[in-house]
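Working notes for the structure below.
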Amino acid sequence: MVLNAILEYFNRLATYNPLIVFIELLLIGLVVYWAVNFLEGTRGERLFRGIIILLLAGSMILKLVIARFDFARLQYLYGFFLILVLIIAVAAFQPEIRRMLIRIGQAGSFGGSSHHQLAQTVEEIISAVSALAEKKIGAIIVIERKVALGEFTEMGVKIDSKVKAALLKTIFYPGTALHDLAVVIHGDRIVAARVQLPLAELGVAGGAFGSRHRAAMGITTGSDAVAIVVSEETGTISIAEDSRLDKQITEEELRKRLTSIIIDAEPMQTKPQKEKSTAESGPAGGA
529 MVLNAILEYF
539 NRLATYNPLI
549 VFIELLLIGL
559 VVYWAVNFLE
569 GTRGERLFRG
579 IIILLLAGSM
589 ILKLVIARFD
599 FARLQYLYGF
609 FLILVLIIAV
619 AAFQPEIRRM
629 LIRIGQAGSF
639 GGSSHHQLAQ
649 TVEEIISAVS
659 ALAEKKIGAI
669 IVIERKVALG
679 EFTEMGVKID
689 SKVKAALLKT
699 IFYPGTALHD
709 LAVVIHGDRI
719 VAARVQLPLA
729 ELGVAGGAFG
739 SRHRAAMGIT
749 TGSDAVAIVV
759 SEETGTISIA
769 EDSRLDKQIT
779 EEELRKRLTS
789 IIIDAEPMQT
799 KPQKEKSTAE
809 SGPAGGA
């Protein structure tokens, strides 16, 4: 009986215009791919995958049942269920929808001056990091790249402000409400402060590293982000990328790295002196 329903369903599909079916499937695939790509790295990604699987399974089962039996009320309830899922999805994906609208709104104003804005962002970060290092004020700044860090920034304090050296120095100044943990930057915007990051295991980072360096290695192990760390003990500047740590970076080296990361949008080539780590990051912890 079930086999007959399946065969009947596919026979009906064979009567459709192949070109129309191809275009429809292509458009649906593009929308799903775009949504998964946009939600990558956020808590909403797993929820979205679950909803897609649920809808596909529900649609297939319902189509097979309706092909064999005339369950009009069941079909009506399924339509009502889809509306309910849509309402729940809008509520569940509220942070992601807000982020999408912000990006769309910023797209038109970024334009031809984006290179200048990003170059200014590099100088603002360098100015802040140099000042913090000179005063031996601990800090960790994470630069978000292709892999979204929404899973972590959602738990921090939202800032959504242009990158300014004065603001970064104020955030990390000892005694302020946001000086603990990390700041996350995307493009020329400070996304969030007081962001808790995953810590690399002690065996990976080594006993000589503090929590900020372990957090920098932890976040760069699970993503393509880059983390800048200022040691409050020595005042030295370090950069973590791809779970590797460069220590005692000069201001000029920092400028070259940030120019490549933020402006050129090309990952830096691995340097021989970097310490490679292949272990996975540990549980979330302070920076």
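Quick note on numbering: the sequence shown equals residues 529 to 815 in this note's numbering.
Even for Gly, the Cβ is constructed at its ideal location relative to N, Cα and C.
S689: member of the beta strand (DSSP E) spanning 685 to 690, first to last residue.
Burial is judged here by how many other beta carbons sit within 10 angstroms of a residue's own beta carbon; R601 has fewer than 16 and is exposed.
Under the 8 Å Cβ criterion, the region 778 to 790 does not count as touching the region 689 to 698, having fewer than three qualifying pairs. C-alpha of R673 to C-alpha of A659: approximately 25 Å in a straight line.
Our two residues, L555 and H714, have alpha carbons roughly 29 Å apart in a direct line. In summary, I589 is exposed, with fewer than 16 beta-carbon neighbours lying within 10 Å of its beta-carbon over all protein chains present.
Around the CB of F576, 16 or more other CB atoms lie within 10 Å, so the residue is classed as buried.
Relative to V754, the option among K663, H741, K686 whose CA is nearest is H741. Following the DSSP letters along the chain, one finds L696 inside the alpha helix (DSSP H) bounded by residues 693 to 700. Its Cα nearest to that of T649, the residue I671 stands out among I671, G666, E662. When the five nearest sequence neighbours on each side are left out, the beta carbons in the same chain lying within less than 6 Å of the beta carbon of I687 are those of I718, A720, A721, in order along the chain. For E760, no pairing in a beta bridge is given by DSSP. Looking at L610, H644, V685, I616, the one whose alpha-carbon comes closest to that of A585 is L610. One thing to note: I669 has its Cβ no nearer than 7 Å to the Cβ of V723. DSSP, read as helix, strand or coil, puts R673 in coil. Around V560, the same chain offers I580 as residues with beta carbons nearer than 7 Å, after the five sequence neighbours per side are excluded. Taking 8 Å as the upper bound for CB-CB distance, F700 and A743 are not in contact here, some 14 Å apart. Per DSSP, H707 is not a residue of any beta strand (DSSP E), being assigned neither H nor E.
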